[in-house]
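Peer 1:
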Amino acid sequence: MDHEKVALSRSLGLFHCIGVLAGCIIGTAIFISPAAILSGVNGSVGLSFVIWIASALLGTSEALCFAELGSLFTKSGGEFIYLMESFGPLVAFLRVWSNVVVQGPANAALQTMVIATYVVAPFLGDCHELPWLAVRLLAACAMWLIFFVNCVSVPLAVRIQSFMTVAKITGLVVLILTGMVFLCQGYTDSFREPFQMYSFKLGGLSSAFLAGRYAFAGW
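Numbering of the sequence shown is given in UniProt numbering, commencing with residue 1 and proceeding in unit increments.
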């Protein structure tokens, strides 16, 4: 008896595929990492650029390693297949288990927290600190809404993903153009002494590097 091969249905168009992939690459970290990096290096613009460059180089190296593995193992399964072939089923299972139980939920929680923070901030921007209960409740509602949409209709979820990707790219372009306009207008005080630091803490530098790594985790 012949067994039919199980495979994912190819039902997405080119635009939606680009939207999903770009949405995975450009995550929420790019909107929160700059502030975290500057805070970790105590406002040193020059050192923050070093952190960004080091994070980009490390992320590029990891992406190239996965590209090599992808060309070597042509099976569906991603890193599970790579770990299975390299270290056996136990390591592969533990990696997938930790991703499903720990890493995936934590990443989803962080993304919805970012959404909630940016939604609440315009209304309560005058507060010294945003009310944690309002932010967390809105984040929980956002997570349940995303869960509901993905359960009800995958095409609708893909269209929302594509729209959010366009919105994120538009926001980044606006931020970049705004920064260039301010530079052209002579707002260059931060670049006069780019490596000036009032204090140095190794823990802050480590936190800044982790924030930079998270921004380049979309590969």
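Just so it is clear, CB atoms sit at the ideal spot from N, CA and C, and this is done for glycine as well. Just so it is clear, the structure is predicted and the values come from calculations on it, not from any experiment.
#1: From residue 71 to residue 64, what does the alpha carbon distance come to, in whole angstroms?
#2: Is it the case that the segment 9-27 contacts the segment 177-193, given that we only count it when at least three CB pairs across the two stretches are under 8 Å?
#3: Does the Cβ-Cβ distance between residue 29 and residue 215 come in under 8 Å?
#4: Does the beta-carbon of residue 27 have 16 or more other beta-carbons within 10 angstroms, so that it is buried, or is it exposed?
#5: Just verifying my parser: in three-state terms, what is the DSSP assignment at residue 122?
#6: Under DSSP, the alpha helix (DSSP H) around residue 45 begins and ends at which residues?
#7: Alpha carbon to alpha carbon, how far is residue 83 from residue 69?
#8: Just to confirm the assignment, what range does the alpha helix (DSSP H) spanning residue 192 have?
#9: What did DSSP end up calling residue 159 once you bin it into helix, strand or coil?
#10: To the nearest whole angstrom, what separates the beta carbons of residue 41 and residue 204, a pair I think is in contact under 8 Å?
#11: Can we say the segment 84-101 touches the segment 113-122, given the rule of at least three CB pairs closer than 8 Å?
#12: Less than 8 Å between the C-beta atoms of residue 149 and residue 140, yes or no?
Peer 2: Concretely, from the data shown:
#1: 11 Å
#2: no
#3: yes
#4: buried
#5: coil
#6: 45-72
#7: 10 Å
#8: Here residue 192 belongs to no alpha helix (DSSP H), and DSSP marks it neither H nor E.
#9: helix
#10: 7 Å
#11: no
#12: no
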